[in-house]
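Asks:
Chains as they are written, first to last, in my numbering: chain A, 1 to 377; chain B, 1001 to 1076.
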């Protein structure tokens, strides 16, 4: 049995490690081979980018060598896939290799695409890559006062980030002693300030308390860089001195090229995580088209479910459980308080008041992630 | 007329039905039609509100066995 995992992010790494542990005897006996292909020899803790943007972490703290995170019975190659040939049960790689499989797991993640919105790359700051997070921090350091506008593209990774960045901005400028010189304005695509109703209900008075203005039903259309204006699909506009955007995302380009899914999001069964129309192809993490948050937490819980199911398919010929839509997201409510949102397909989150212990737990998790991605936590 | 495409946004709290619809509408061409399935009772109000504000077209909505079927067309 050849199990091929494409993608070495949170989902792919957890699937690989979890399978390697569950199928240790089978891999030692040569009955099962677990292969992981990744585009990078390094693994990034992506939630840390928010801290980089505010000078609380440096980029080097976000990385580990991918190989150091993997169980020894995983056949690991840094060689990105350039062609998915699902009818032949094989993929081709940039290195010119062909990998055949019996079971394929696609976990290639997502990427920000600000270049798809006119003026956005030139006019806005982001924190979804190392380079953009460092650049945003430097812009924040130089900023001496004026109007900071935050807006949100659709779809985007880490749906809690728009809310978190407002609290972080407030605390950052307060610490610098210039909060009274900074106007913070938040724009959100739908008719309330967060897509999760309970998060919106919680965040509204919090935003009022810290002096954040809000505008809803605002979808980014273009940036007039010359005049520092952000324009919306709803024909409104806002002037800014500093523009921070949660950028629109897409799945990986090769998935669109190979017609695996519109926008790079693969049609996926919400319970089995199987690619629709394929019995031996599974999809986890941001790559799915599921109506589930594109976040490391969802990737984690999907990966655990899928690894257990694939191991069961190997051992007894059938999967043992469904993914229930579980997501658990920390919400940083500033530099020293946090809360969380936990939900699944059937149960909405019930937010608790932010607390210092929850913030300390988040700081701890920033390190515990490396245990989590090894499939131990 | 293009074929009406289904967006299954049942039982989702995040990103939620309207955010799902916006994702699909951004990638669509003028004239494309979608039927959004939602179990969120708020969808029957917040989706027409956004469709009207942004200038797309509502084609109708009905509730069948607890699921809202909301039909829209991209108009610009």
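Ideal Cβ placement from N, Cα and C applies to all residues, glycine included.
Taking 8 Å as the CB-CB cut-off, is residue 1015(B) touching chain A?
Replies: Yes, residue 1015(B) counts as interfacial toward chain A.
Asks: Ignore the nearest five residues each way along the sequence and tell me which others in residue 113(A)'s own chain have a CB closer than 8 Å to its CB.
Replies: Around residue 113(A): 247, 248, 249, 250.
Asks: Put residue 1009(B) into one of helix, strand or coil per three-state DSSP.
Replies: Reduced to three states, the DSSP call for residue 1009(B) is strand.
Asks: Just to confirm, is the Cβ distance from residue 159(A) to residue 1020(B) under 8 Å?
Replies: Cβ distance not < 8 Å, so residue 159(A) and residue 1020(B) don't count as in contact.
Asks: If you reduce the DSSP assignment to three classes, tell me which class residue 1019(B) lands in.
Replies: The answer is helix: DSSP assigns residue 1019(B) an H, G or I state.
Asks: Tell me whether residue 370(A) sits in a helix, a strand or coil according to DSSP, three-state version.
Replies: Three-state DSSP puts residue 370(A) in a helix.
Asks: For residue 301(A), does the three-state DSSP call read helix, strand or coil?
Replies: Helix.
Asks: Output the distance between the C-alpha atoms of residue 56(A) and residue 168(A), rounded to the nearest integer angstrom.
Replies: Rounded to whole angstroms, residue 56(A) to residue 168(A) spans 11 Å at the Cα level.
Asks: Beta-carbon separation of residue 189(A) and residue 152(A) under 8 Å?
Replies: Result yes, Cβ atoms of residue 189(A) and residue 152(A) sit closer than 8 Å.
Asks: Run down chain B in chain order and give the residues with a C-beta less than 7 Å from the C-beta of residue 293(A).
Replies: 1014, 1015, listed in chain order.
Asks: Rounded to whole angstroms, what is the Cα-Cα separation between residue 274(A) and residue 283(A)?
Replies: Their backbone Cα atoms lie some 6 Å apart in a straight line.
Asks: For residue 217(A) versus residue 1068(B), is the C-beta spacing smaller than 8 Å?
Replies: No, the pair does not count as a contact, with Cβ atoms beyond the cut-off.
Asks: Take the Cβ of residue 1043(B) as the centre, count every other Cβ of all protein chains shown within 10 Å, and call the residue buried at 16 or more, exposed below.
Replies: The residue in question, residue 1043(B), is buried, as its Cβ has 16 or more Cβ neighbours within 10 Å.
Asks: For a contact meaning CB atoms closer than 8 Å, what does residue 1009(B) contact in chain A?
Replies: Per Cβ cutoff of 8 Å: 291.
Asks: Chain A beta carbons: is any one of them nearer than 8 Å to that of residue 1032(B)?
Replies: No, its Cβ sits nowhere closer than 8 Å to a Cβ of chain A.
Asks: Let's see if you can read the secondary structure: which residues bound the beta strand (DSSP E) around residue 44(A)?
Replies: Unbroken beta strand (DSSP E) run through residue 44(A): 42-44.
Asks: Counting beta carbon pairs with one atom in the region 117-132 of chain A and one in the region 220-228 of chain A, are three or more of them shorter than 8 Å?
Replies: Contact between the region 220-228 of chain A and the region 117-132 of chain A is present, because at least three Cβ pairs lie under 8 Å.
Asks: Applying the criterion that 16 or more other CB atoms from any shown protein chain within 10 Å of the CB defines a buried residue, is residue 1025(B) buried or exposed?
Replies: The residue is buried, with at least 16 neighbouring Cβ atoms inside 10 Å.
Asks: Could you name the residues of the same chain whose beta carbon sits closer than 8 Å to that of residue 344(A), not counting the 5 residues immediately before and after it, in chain order?
Replies: So the list reads 324, 325, 326, 327, once near-sequence residues are dropped.
Asks: Just checking, does the region 126-145 of chain A make contact with the region 176-186 of chain A on the three C-beta pairs under 8 Å criterion?
Replies: Judged by Cβ distances under 8 Å, the region 126-145 of chain A makes contact with the region 176-186 of chain A, as three or more pairs qualify.
Asks: Using a Cβ cut-off of 7 Å, pull out every chain A residue sitting near residue 1023(B), in sequence order please.
Replies: Per Cβ cutoff of 7 Å: 154, 155.
Asks: Could you check the C-alpha separation between residue 154(A) and residue 1014(B) for me, to the nearest Å?
Replies: Distance between the alpha carbons of residue 154(A) and residue 1014(B): 12 Å.
Asks: Using a beta-carbon distance below 8 Å, is residue 34(A) in contact with chain B?
Replies: Not an interface residue.
Asks: Taking one C-beta from the region 289-308 of chain A and one from the region 16-24 of chain A each time, how about it: are there three or more such pairs within less than 8 Å?
Replies: Cβ pair count under 8 Å is three or more, so yes.
Asks: Secondary structure at residue 194(A), three-state DSSP: helix, strand or coil?
Replies: Three-state result, residue 194(A): coil.
Asks: How long is the line joining the alpha carbons of residue 300(A) and residue 287(A), rounded to whole angstroms?
Replies: Straight-line Cα distance between these residues: approximately 13 Å.
Asks: Let me know if residue 192(A) comes out buried or exposed under the rule of 16 or more other beta-carbons within 10 Å of its beta-carbon.
Replies: Answer is buried; the Cβ neighbour count reaches 16.
Asks: The region 333-347 of chain A: which residues have C-beta closer than 7 Å to a C-beta of chain B, in chain order?
Replies: Result list: 343, 345, 346.
Asks: So what's residue 183(A) in DSSP terms, helix, strand or just coil?
Replies: Three-state DSSP puts residue 183(A) in a strand.
Asks: Going along chain A, which residues have a C-beta under 9 Å from residue 1018(B)?
Replies: Under the 9 Å cutoff, chain A gives 189, 190, 191, 195.
Asks: Taking Cβ-Cβ distances below 9 Å as the criterion, which residues of the region 310-328 of chain A are in contact with chain B?
Replies: Listed by position along the chain: 325, 327.
Asks: Do three or more CB pairs link the region 229-246 of chain A to the region 190-209 of chain A at distances below 8 Å?
Replies: With a cut-off of 8 Å, the region 190-209 of chain A and the region 229-246 of chain A do not count as touching, because too few Cβ pairs lie within range.
Asks: Counting only beta-carbon atoms, is residue 230(A) nearer than 8 Å to chain B?
Replies: So, not an interface residue.
Asks: Suppose the cutoff is 7 Å on Cβ atoms and the five residues either side in sequence are ignored; what does the same chain contact list for residue 354(A) look like?
Replies: Correct list, in chain order: 333, 337, 338, 339.
Asks: Please state the DSSP three-state secondary structure of residue 167(A).
Replies: Residue state, collapsed to three classes: helix.
Asks: Taking residue 235(A) as the reference, which of 221(A), 241(A), 245(A), 244(A) has the closest Cα?
Replies: The shortest Cα separation from residue 235(A) among 221(A), 241(A), 245(A), 244(A) belongs to 221(A).
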